[in-house]
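Data first, discussion second: the structure below is written as structure tokens.
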Amino acid sequence: MAVDLLLGLQWGDEGKGKIVDVLTQNYNLISRFQGGPNAGHTLIFDGHKHVLHTIPSGIFHKEAINVVGNGVVIDPVIFNKEIKDLSQFDIDFKKVLLISRKAHLILPTHRLLDAASEKAKGKDKIGSTLKGIGPTYMDKTGRNGMRVGDLELDNWKEVFEKLAQKHISMLDFYNVELDYDFGALKEQFFTAVEKLKELTFIDSEEYLHQAIKNNETILAEGAQGSLLDVDFGTYPFVTSSNTTAAGACTGLGIAPNQIGEVFGIFKAYTTRVGSGPFPTELFDEDGATMAKIGNEFGATTGRARRCGWLDMVALKYACQVNGVTQLNMMKADVLSGFETLKVCTAYQYKGETITHFPYNIEPENVQPIYTELKGWKEDLTGMTSEDQLPQALLDYIDFVEKSTGIKITIVSVGPDRKQTIER
Ligand code: IMP
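Next comes the structure, spelled out in structure tokens:
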């Protein structure tokens with residue numbers, strides 16, 4: 000009677016899609032609990048590459064039911080495109096993809112507000128994915144939002160119009176130039192809503208409650224990463240939802256004592272896309288090598304990701320906030336070829352050495368303190384079991400396990416489903 004969680008421990012893009020895909024065979028039900036189409040979960044199998052944005056990563060496993068929980072924000076236009084892109088897979092979406100009536104809708108005018116807000120901020124912009132995430136969650140907490148369940152009302156178009164007109168008048172406040180055709184956006188939205196209505200809307204908290212009672216196996220799939228959490232991340236350079244474990248409770252309606260395993264996913268190094276502080280960021284050849292070998296470009300926006308060494312201060316903090324019970328190390332193969340590897344084990348913070356994640360990690364306050372570990376040369380991408388891994392990688396794994404006190408149960412050595420070593 001437990002729900003397992005899978006969460007990113009850094010700034011997103013840790014490889015959650017791949018691990019959910021690998022783990023899905025153990026679960027009857029996969030659910031997303033927060034975020035929206037700002038996410039890009041990449042899955043590679045049988046020579047196919049797929050990027051999912053809002054649809055849970057269990058969609059490729061025929062037996063699994065996929066639930067989009069109340070904590071998620073849905074853009075019907077992007078959602079339908081995602082479904083269309085999956086047309087070759089013969090998926091019975093009405094049966095295996097269930098949507099919470101309480102999930103909030105991203106209106107086209109939310110996207111406009113996102114763009115206007117970012118434009119007005121200039122060089123201080125968040126680096127948002129411009130998918131309308133912040134404005135949609137603002138309407139949710141401000142109690143003005145439009146929910147999936149509203150689409151079942153006869154007058155849903157009036158509800159839309161009222162909210163959209165409010166957004167349009169808010170755009171004036173930002174006083175920035177924005178080119179848009181509201182009529183065209185509205186039409187595109189209405190068409191997408193009609194398609195969305197062909198799917199199944201549910202009271203997802205009740206559905207999940209019954210599933211737990213019936214001993215179904217459930218995996219909750221996080222999006223973004225812990226350091227982008229609106230409360231515990233590097234505020235204000237964060238997303239607008241709780242990406243950490245507690246978000247699964249509010250985003251699905253499950254109680255804390257129903258949570259079982261918490262899988263914490265992290266890259267063997269660190270990346271960040273968008274603005275905001277990043278203490279271990281590299282601006283040299285090493286960073287460029289990680290970006291190149293790791294193909295570090297955003298799955299949603301195509302933007303280049305910033306790269307740096309593994310930050311144990313941040314990783315330990317994320318393990319603590321989430322109650323991680325198992326660690327999964329991703330992209331170990333990208334570090335092959337480095338003579339030495341640096342791991343940040345403390346921060347020099349306002350003249351003091353600290354080992355906890357402080358209120359503010361702006362570069363003027365924080366400098367990383369590194370421990371050096373030996374690198375390895377071997378190509379890991381064809382390795383299939385732990386006994387093939389080089390000793391230097393085993394030492395790196397051991398270092399992380401000793402620092403966190405948590406076992407690394409999966410080491411990923413390539414993007415394909417098959418390039419996964421279980422320990
Ligand atoms: P937003 O969620 O689109 O408002 O973006 C806020 C910040 O979170 C920006 O720095 C984005 O680059 C970052 N972000 C949002 N979603 C993701 C993700 O799925 N992976 C990595 N970064 C993300």
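Take the sequence shown: its letters are residues 0 to 422, numbered as in numbering that gives the first Met the number 0. Beta carbons are placed, not taken as given, at the ideal position from N, Cα and C, and that holds for glycine.
ask   = Looking only at C-alpha atoms, which of Leu-195, Ser-116, Gly-133, Leu-150 sits nearest to Val-175?
value = It is Ser-116 whose Cα lies nearest to the Cα of Val-175.
key: Distance between His-208 and Tyr-395 (C-alpha atoms, nearest Å)   = Near 41 Å, if we compare the C-alpha coordinates of His-208 and Tyr-395.
query = Since Lys-130 and Arg-100 are thought to touch, with beta carbons under 8 Å apart, how far apart are those beta carbons, to the nearest angstrom?
reply = Contact annotation, Lys-130 with Arg-100: C-beta distance approximately 21 Å; criterion of less than 8 Å not satisfied.
message = Please confirm whether Glu-280 has its beta-carbon closer than 8 Å to some beta-carbon of chain C.
response = In the displayed structure, chain C is absent; only one protein chain is listed.
request  = For the beta strand (DSSP E) holding Leu-162, just list the boundary residues, first then last.
outcome  = Leu-162 -> not in any beta strand (DSSP E); alpha helix (DSSP H) instead, spanning 155-173.
inquiry  = At the level of alpha carbons, what is the spacing between Leu-51 and Ala-38?
reply    = Distance between the alpha carbons of Leu-51 and Ala-38: 8 Å.
key: Simplified DSSP assignment, three categories, for Val-237   = Residue state, collapsed to three classes: coil.
task = Less than 8 Å between the CB atoms is what I'm expecting for Leu-104 and Arg-142, so what's the real figure, rounded?
result = The beta-carbon separation of Leu-104 and Arg-142, rounded to 15 Å, does not stay under the 8 Å limit for a contact.
task = Evaluate Gln-223 with the Cβ neighbour count: other Cβ atoms within 10 Å of its Cβ, from every protein chain shown; 16 or more gives buried, anything less gives exposed.
result = It counts as buried.
Neighbourhood of Ile-292 by C-beta, 7 Å cutoff - its chain only, sequence neighbours within 5 removed = Only Val-333 meet the Cβ criterion.
Near the ligand IMP: Lys-130 beta-carbon under 7 Å from a heavy atom = Yes, the ligand IMP has a heavy atom inside 7 Å of this Cβ.
inquiry  = Determine whether the beta carbon atoms of Gly-11 and Asp-74 lie at a separation below 8 Å.
reply    = The Cβ-Cβ distance between Gly-11 and Asp-74 does not fall below 8 Å.
query = Among Ala-247, Gln-187, Pro-107, Ala-287, which one has its Cα closest to the Cα of Leu-69?
reply = The question names Leu, but residue 69 in the sequence shown is Asn. Comparing C-alpha distances from Asn-69 to each of Ala-247, Gln-187, Pro-107, Ala-287 shows the shortest one belongs to Ala-247.
message = Beta-carbon within less than 7 Å of His-60's beta-carbon, same chain only, minus the 5 sequence neighbours each way: which residues are those?
response = Within the same chain, His-60 has close Cβ partners Thr-23, Gln-24.
request  = Starting from the Cα of Ala-267, find the closest Cα among Pro-276, Pro-278, Met-328, Asn-241 and give me that residue.
outcome  = Among Pro-276, Pro-278, Met-328, Asn-241, the Cα nearest to that of Ala-267 is on Met-328.
task = Along the beta strand (DSSP E) that carries Gln-459, what are the first and last residues, could you check?
result = Here the chain has residues from 0 to 422 only, and residue 459 is not among them.
message = Looking at the secondary structure, which residues open and close the beta strand (DSSP E) in which Leu-28 lies?
response = Counting along the chain, the beta strand (DSSP E) containing Leu-28 begins and ends at 28-31.
inquiry  = Check whether the region 1-8 and the region 218-234 touch, using three or more Cβ-Cβ pairs below 8 Å as the test.
reply    = A contact exists between the region 1-8 and the region 218-234.
request  = Can you give me the start and stop residues for the alpha helix (DSSP H) that Ala-244 sits inside?
outcome  = For Ala-244, the uninterrupted alpha helix (DSSP H) run begins and ends at 244-251, by DSSP.
inquiry  = Could you compute how far the alpha carbon of Lys-122 sits from the alpha carbon of Val-95?
reply    = Each residue's alpha carbon lies about 43 Å from the other.
Beta-carbon gap between Arg-422 and Glu-385 smaller than 8 Å = Less than 8 Å divides the Cβ of Arg-422 from the Cβ of Glu-385.
task = Could you tell me if Tyr-358 is buried or exposed, where buried requires 16 or more neighbouring beta carbons within 10 angstroms of its beta carbon?
result = With fewer than 16 other Cβ atoms from the protein chains shown falling within 10 Å of its own Cβ, Tyr-358 counts as exposed.
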